[in-house]
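Residue numbers (our numbering): 1282 to 1652.
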């Protein structure tokens, strides 16, 4: 049957309209999908910050407790490495009985030498110089307050360092080290892989990581990573990832966050890998990715506000860390802690002290609401 010109024109117009409609639907699906990806990116970024802050706070709290130990202080003052090693090992062995997370602690002399390390079987490395690897310790040449940050040493890790003084003389440091195990395990529980990547310009410094796997110009610093996803990372364009912050590769979404040390220098990256299937699941069920990460939007908002709030209340990081210890100080150290706390609090106004009290109520409320 021969079609008329009008019929042909109608059919052609119909086909064009269908094509346009399909194109619009496709674009809308892509836009909705990208909105989901952006939401995931924001949630992961905030959750990563929260977990890293938790690791830092725990490390600093523990380092402050160790620094107040009288036996450790006396060992440093008397230059008794054996006593320092024995005391540190006893404390850490007791800790190991009650917690499952690997915690490492060390005592460092004022001239940046190993005094004692908790992970050594014997104190064979006493006197080993650290100045080549630990330029971050120069911070204490001009500051007396404790500090916690991500730093490069012989390994990349979170380092909480507390200086110990006797009559204004620096005796040395107590330091607690963590290696992103808690953050890696946290994300892994939800089928998300975290990779802590150190820029390979630090290859000569991070001597204990020189045999670690690599991806592009990065050295993988954490343990417990997924080898299959690592192979994906080894194939991607990291320049593109660093610029766009999100890539889709091998049916996996890859998210990028820069890593900074205590001097605010970029020393590497945190890279998170989540399968496209997992993202599509959340999109199809209209579940929020924050459910996966056990944080509601309100929790994440509180985290950001809490960071801003605390930075205004406390005069220094040392004051904040000291106050966080109030419920954890052993009975035998209570009097010493109270004396130090009184000295610190005497410099605060009445309004600031009230704000601190409100902060602790806020902190407990946030922890209780996390599900």
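Note that CB positions come from ideal geometry on N, CA and C, so glycine has one too.
- A direct Cα-to-Cα measurement between residue 1404 and residue 1385 gives close to 14 Å.
- Note that the C-beta distance between residue 1455 and residue 1388 is below 8 Å.
- A contact is defined here as three or more CB-CB pairs under 8 Å, and the stretch 1318-1332 fails this definition with respect to the stretch 1419-1426.
- Our two residues, residue 1484 and residue 1560, have alpha carbons roughly 35 Å apart in a direct line.
- Pairing residue 1408 with residue 1453, the inter-Cα distance amounts to about 13 Å.
- With distances taken between CA atoms, residue 1354 lies nearest to 1368 out of 1368, 1541, 1413.
- With a contact defined as Cβ atoms closer than 8 Å, residue 1440 and residue 1447 miss out at about 23 Å.
- The alpha-carbon of residue 1383 is positioned some 8 Å away from that of residue 1377.
- Per DSSP, residue 1543 is not a residue of any beta strand (DSSP E), being assigned neither H nor E.
- Scanning 1366, 1479, 1350, 1488 for the CA closest to the CA of residue 1411 turns up 1488.
- Excluding residues up to 5 positions away in sequence, 1410, 1411, 1412, 1415, 1418 lie with their Cβ nearer than 8 Å to the Cβ of residue 1393 in the same chain.
- Residue 1547 sits exposed, since fewer than 16 C-beta atoms from the chains shown fall within 10 Å of its C-beta.
- Excluding the 5 residues flanking it on each side, residue 1337 has same chain C-beta neighbours closer than 6 Å at 1429, 1439, in chain order.
- Under the DSSP definition of a beta bridge, residue 1441 partners with 1429, 1457.
- Boundaries for residue 1531: no beta strand (DSSP E) harbours it, and the DSSP string shows neither H nor E there.
- Residue 1532 is positioned such that its CB atom lies no closer than 8 Å to that of residue 1333.
- Residue range 1462-1469 is occupied by the alpha helix (DSSP H) that includes residue 1466.
- Residues of the same chain with a CB within less than 8 Å of the CB of residue 1406, apart from the 5 flanking positions on each side, are 1395, 1398 in chain order.
- Within 10 angstroms of the beta-carbon of residue 1627 lie fewer than 16 other beta-carbons, which makes it exposed.
- DSSP places residue 1480 inside the beta strand (DSSP E), whose first and last residues are 1474-1480.
- Each residue's CA atom was taken as its position, placing residue 1521 and residue 1347 some 44 Å apart.
- Sorting 1623, 1550, 1540, 1536 by C-alpha distance to the C-alpha of residue 1320 places 1536 at the top.
- In chain order, 1368 place their CB closer than 6 Å to the CB of residue 1352, counting only its own chain and leaving out the 5 sequence neighbours on each side.
- Within the stretch 1354-1419, the complete alpha helix (DSSP H) segments at least 4 residues long are 1362-1379, listed from N- to C-terminus.
- Taking the C-beta atoms as reference points, residue 1500 is found nearer than 8 Å to residue 1478.
- For residue 1501, the enclosing beta strand (DSSP E) starts and ends at 1499-1501.
- By the CB criterion at 8 Å, residue 1552 and residue 1468 fall outside the cutoff.
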